[in-house]
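In the working numbering, the protein residues as written are 1375 to 1491.
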């Protein structure tokens, strides 16, 4: 049998923090978050680009929150997006997620910039 090396996420690279409404939340983008996003949207982010809609960004944020904050509901996450923060929050979520995908998957290079959508 030929040994294959599988790229692993670095635990420091797949977690980040964000503040919302005076609370600090820890986002974790591992296999559970990615598969939850896939199940919720039908999009396979490791092999196809995610269209940067508010709904998709809310789904990415929700998926990243689940490991450390399972009590946060999707409706709460959607409520965090508003006219004052939408651009910054979408860019933050986008960058937080795409920095966790190993470069050899191709998602980090050439992924569309959500601020230009």
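We put the beta carbon where it would ideally sit given N, CA and C, even for glycine.
Small disclaimer: the values here were computed from a predicted structure and weren't measured.
Span of the alpha helix (DSSP H) around residue i
i	result
residue 1453	1448-1454
residue 1430	1428-1439
residue 1405	1405-1415
residue 1463	1460-1472
CB contact flag (residue i, residue j, <9 Å)
i	j	result
residue 1432	residue 1466	no
residue 1401	residue 1413	no
residue 1395	residue 1441	no
residue 1421	residue 1435	no
residue 1446	residue 1399	yes
residue 1464	residue 1419	no
Separation of residue j from residue i, as counted between CA atoms
i	j	result
residue 1453	residue 1392	15 Å
residue 1423	residue 1415	13 Å
residue 1411	residue 1461	21 Å
residue 1404	residue 1444	15 Å
residue 1472	residue 1457	24 Å
residue 1468	residue 1430	10 Å
residue 1479	residue 1417	Any answer about residue 1479 is weak, because its pLDDT of 42 lies below 50 and its placement is not dependable; what the coordinates show is given next. Cα to Cα, the separation comes out at about 15 Å.
DSSP bridge partner residues for residue i (one or two, in chain order)
i	result
residue 1391	1400
Whole-Å CB distance - residue i paired with residue j, under 8 Å assumed
i	j	result
residue 1438	residue 1409	Rounded, the Cβ-Cβ distance is 13 Å, inconsistent with contact.
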